[in-house]
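One structure is given here, and the rest of the page talks about it.
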Amino acid sequence: MEDAERKGRVEGQLEGKLEAIPRLLKLGLTLEQVAEALQLDIAEVRKSARSQTEQ
């Protein structure tokens, strides 16, 4: 049960970070700054930014 709870917590944290990406970019941060601030890989930030602009 603990593994499922931990996995859910990690997924929730990641989801929150991914939701923050468009807001941070709108504030003028670069992709690199967003990746550093959210402790994400730059490729993940680029992928999320692209999917947001396609919507």
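Going letter by letter, the sequence shown gives residues 2 to 56 in this note's numbering. Think of the CB as a built atom: it goes at the ideal place given N, C-alpha and C, for glycine as much as any other residue.
DSSP, reduced to helix, strand and coil, places residue 31 outside both helices and strands of the structure shown, so it counts as coil.
In the structure shown, residue 40 falls within a coil segment according to DSSP collapsed to helix, strand and coil.
In this structure, residue 8 lies away from residue 39, with their beta-carbon atoms at least 7 angstroms apart.
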